[in-house]
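Q:
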Amino acid sequence: MNVFDRLQAYAQLIRFDRPIGTLLLLWPTLWALWIAADGIPDPTVLVVFCLGVFLMRSAGCAINDYADREIDPHVERTRDRPLAAGRISPAEALGVFVVLSLLAFSLLIFLNDVTRWMSVGALLLAASYPFMKRFHHLPQIHLGIAFAWAVPMAYTAQTGAFPDRAGWMLFIAAVLWTTAYDTMYAMADRDEDLQIGVKSTAILFGDADRVIIGLLQAMMLFALYLVGREEGLRWPWYIGLAAAALFSLYQQFLIRQRRPRDCFRAFLNNNYLGMTLFLALVVDMALY
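Each residue of the sequence shown is one higher than the last, beginning at 1335 in this note's numbering.
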């Protein structure tokens, strides 16, 4: 394999060509930064967190493929990933994870001590998540906590203090949201996961999957409503919440027959939900 092919394989390993995971991690991070900073985040903190989101999501993809190296070749959607297809070795995937994690940690020199300590939890959550599907049926909640961990980190980076009540409510909303959309993602692989023997909330919920996802979506929207009340947000935020509710209903429509392709489309649609809420927040704080 020449240098270009190897670099291309590394890019595919970290899903450089599929930024959806980076975006889904970015949106709650930006929600938290804007709220913690009252609409004007510190430019250095903003840049550090945007770079950190990309690096940690990329590192998470590398360690995920390492953890699933015996599983991915048996799943249609993942069998062409570079590690599963044998284009790179397990040691190379681990090396990519280490290098990207170190790069992410190097960004901490620009942040305060509290945030540096919080970042240890972020790394442990990101590194442990891919292995959870072997031990319990709730890896989606583990991922939710891993993604939502960016919320309290954004508060500590911006303010030097732990989140207030609204900040922790935002953390809960991010956990609920991630659990909901990652369950949609898991629904796309449910039949193959059952054959292989790995666990997920999609398997645990069974025929109640749509109802439980709907409950998670409703609780997420209610938590975000409480954030708005606590922070004194106005009509742009609530228009954004209404749009988010419509996106949630559309996702329910997509997963109604549990077809893998449509479940994956519902998962992808969450990018628009997160982006809409961020834009609503920006408009709200810019106007008031």
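Yeah, the Cβ is synthetic: ideal placement off N, Cα and C, and Gly gets one too.
#1: Is the number of C-beta pairs between the segment 1498-1505 and the segment 1452-1472 that are closer than 8 Å three or more?
#2: Let me know if Arg1499 comes out buried or exposed under the rule of 16 or more other beta-carbons within 10 Å of its beta-carbon.
#3: Are there three or more Cβ pairs, one per stretch, closer than 8 Å when the segment 1592-1600 is compared with the segment 1509-1523?
#4: Measure the alpha-carbon distance for Trp1365 versus Thr1449 and round it to whole angstroms.
#5: Does the beta-carbon of Phe1540 have 16 or more other beta-carbons within 10 angstroms, so that it is buried, or is it exposed?
#6: Using only the alpha-carbon positions, how far apart do Gly1578 and Gly1494 sit?
#7: Going by beta carbon distance, what residues of the same chain come within less than 6 Å of Leu1588, once the five residues before and after it are set aside?
#8: On the criterion of 16 or more Cβ atoms from any shown chain inside 10 Å, does Ile1443 qualify as buried, or is it exposed?
#9: Helix, strand or coil: which one does DSSP assign to Trp1483?
#10: Out of curiosity, what's the CA-to-CA distance linking Trp1451 and Ala1614?
#11: Count the C-beta pairs between the segment 1553-1565 and the segment 1476-1495 that are closer than 8 Å, then say yes if the count reaches three, no if not.
#12: When you compare only the Cα positions, how much space is there between Leu1621 and Gly1562?
#13: With DSSP collapsed to three states, give me the class of Thr1412.
#14: Taking C-beta to C-beta, are Leu1359 and Val1387 nearer than 8 Å?
#15: Mapping DSSP to helix, strand and coil, what is Leu1364?
#16: Can you say whether Leu1583 is buried or exposed, counting buried as having 16 or more other CB atoms within 10 angstroms of its CB?
#17: Are Phe1465 and Ala1401 close, meaning C-beta to C-beta below 8 Å?
#18: From the DSSP output, in three-state form, read off Phe1496 for me.
#19: Mapping DSSP to helix, strand and coil, what is Asn1446?
#20: With a 10 Å radius around its C-beta and 16 neighbouring C-beta atoms as the bar for buried, classify Val1432 as buried or exposed.
#21: May I have the straight-line CA-CA distance separating Asp1376 from Ile1530, to the nearest angstrom?
A: From the atom records:
#1: no
#2: exposed
#3: yes
#4: 17 Å
#5: Note that residue 1540 is Gly in the sequence shown, not Phe. Result: exposed.
#6: According to the sequence as given, residue 1578 is Ala; it is not Gly. If I take the Cα positions, the gap works out to 31 Å.
#7: Asp1596, Arg1599, Ala1600
#8: exposed
#9: coil
#10: 31 Å
#11: no
#12: 15 Å
#13: coil
#14: yes
#15: helix
#16: exposed
#17: yes
#18: coil
#19: coil
#20: exposed
#21: 47 Å
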